[in-house]
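To start, the structure under review is shown below, and the notes come after it.
Numbering (the numbering used here), first residue to last: 4 to 431.
Quick look at the structure:
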């Protein structure tokens, strides 16, 4: 059976059926649990399950078997997999001051699951990476995983399809407001809790919480949530408060020891990127395959390519990287604005390049927000179709960028190496 072209509410295409949501979610959650330290304490799990099951009694989110788990990690994050598995890090729970804010976490992830945002994002990935597979149709049951894996699509806790768009984030919040209101939780807690998460990321020297990275907010999100809360909430609805049950839950949670290995994950050593390029002033470092050649390009950049990756001065397979000056006297540019300037510059060198609609997604580069923009065009030297990834991150008054290039029919083979190079990037 091939993929089904479905529409999600306001979010565009979805090539997967609800039944495939369950299959994908089960596989993804199994893979995620290999790296998760799940808290097994019965009273803690019972408390979270009671709140979670109270939320999902709403007919709007019925038809899915939801389960709720606590991950023993300090990271401020939560994940909701297709099919109903919700994982909440204790680092995020410890930000909550009452059970209404805890309910807001769960309702938000339920909102993403009910609106099928993850498989909508996965469909966008497929649209960018393998339109041929979409036309042929992906098989159901076990075979879909092998085919998606061949396309370089990863599952588990770091799956790219669990990073949502701003429109999806708004929809999940609006669903959460309705769920909280219908189950007599204080819907205002959704807004107050998000403010606490933002404050955690605003502390000088603090890393951006993973929750903020995976759940990007638009400038007017808070006002839109507030309007929906005011529209649906009853004037007599009780305000959020820390009940005796919540205080007992939090006290028990704080007594659970963090795992000794709870630290930043390290990149696993790989023969594929066993060598390292270091900027002359150590501004940044990049891993790359030892069999590839390195060519300096200017003071701050270079080219890394396999032996057959260059035709004259033109790169046909490999990576071009550099720092792009974006200093503007009048104002500071956003990442999106700076990336657009870079793309204009790149198109001056190859006018056939064009951005694939909807194919600009957030990514992490050296623990900071970045963008990956997918473009297609024709090689200047071979005139064959090629896929180009433009990966960018702000770096002081510059834009650090990596441009990954490969022929369209070869790109799936190069993609795993390109992904490893992106993960290996370290900026000072």
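The C-beta atom is built at its ideal place from N, Cα and C for all residues, glycine as well. It should be emphasised that the depicted structure is a prediction, and the values quoted were computed from it without experimental measurement.
Residues in the same chain with beta-carbon distance under 8 Å from residue i, minus the five sequence neighbours each way, listed in chain order, please.
i, result
"residue 214", "79, 80, 81, 95 and 200"
"residue 60", "186"
"residue 282", "288 and 303"
"residue 115", "83, 121, 167, 171 and 175"
Under 8 Å, do residue i and residue j count as touching if we go by C-beta distance?
i, j, result
"residue 125", "residue 255", "no"
"residue 217", "residue 167", "yes"
"residue 423", "residue 312", "no"
"residue 315", "residue 385", "no"
"residue 160", "residue 35", "yes"
"residue 71", "residue 89", "yes"
"residue 117", "residue 58", "no"
"residue 391", "residue 338", "no"
"residue 197", "residue 235", "no"
"residue 280", "residue 101", "no"
"residue 345", "residue 393", "yes"
"residue 388", "residue 379", "yes"
"residue 320", "residue 417", "yes"
"residue 190", "residue 232", "yes"
"residue 408", "residue 276", "no"
"residue 395", "residue 374", "yes"
"residue 294", "residue 309", "yes"
"residue 158", "residue 30", "yes"
"residue 359", "residue 377", "yes"
"residue 322", "residue 406", "yes"
Ordered along the chain, which non-local residues of its own chain (more than five positions away) have a Cβ less than 6 Å from that of residue i?
i, result
"residue 303", "325 and 326"
"residue 50", "252"
"residue 176", "228"
"residue 104", "192 and 196"
"residue 25", "86"
"residue 410", "387 and 389"
"residue 413", "none"
"residue 23", "none"
"residue 40", "75 and 262"
"residue 421", "407"
"residue 142", "In this prediction, residue 142 has a pLDDT of 46, which is less than 50 and means its spatial position is unreliable; what the coordinates show is noted afterwards. Around residue 142: no qualifying Cβ."
Name the DSSP beta bridge partners of residue i, please?
i, result
"residue 317", "314"
"residue 366", "373"
"residue 401", "328 and 398"
"residue 228", "Its beta-bridge partners do not exist; DSSP assigns none."
"residue 127", "DSSP lists no partner for residue 127."
"residue 288", "281 and 429"
"residue 389", "380 and 410"
"residue 296", "308"
"residue 345", "DSSP output for residue 345 lists no bridge partner at all."
"residue 323", "306 and 406"
"residue 357", "379"
Less than 8 Å between the CB atoms is what I'm expecting for residue i and residue j, so what's the real figure, rounded?
i, j, result
"residue 86", "residue 64", "Between residue 64 and residue 86 the Cβ distance is about 12 Å, and since that is not below 8 Å, they are no contact."
"residue 286", "residue 428", "No, residue 286 and residue 428 are not in contact; Cβ-Cβ is about 11 Å, not under 8 Å."
"residue 75", "residue 27", "The Cβ separation is near 25 Å, so there is no contact."
"residue 442", "residue 83", "Because residue 442 is not part of the residues shown, which for the chain are 4 to 431, the question remains open."
"residue 77", "residue 261", "6 Å"
"residue 121", "residue 165", "6 Å"
"residue 365", "residue 372", "6 Å"
Leaving out the 5 sequence neighbours to the left and right, which residues in its chain are closer than 7 Å to residue i when beta-carbon positions are compared?
i, result
"residue 298", "305 and 306"
"residue 401", "326, 327, 328 and 329"
"residue 54", "102, 105, 106 and 109"
"residue 301", "325"
"residue 340", "none"
"residue 32", "84 and 88"
"residue 244", "101"
"residue 351", "none"
(message) Please give the ranges of any beta strand (DSSP E) in the segment 17 to 93, keeping only runs that are unbroken, at least 3 residues long and fully inside the region.
(response) 70 to 74, 81 to 83 and 88 to 92
(request) Write down every uninterrupted run of the alpha helix (DSSP H) in the segment 155 to 221 whose length is 4 residues or greater and which is fully enclosed by it, in chain order. (result) 169 to 185, 191 to 205 and 213 to 217
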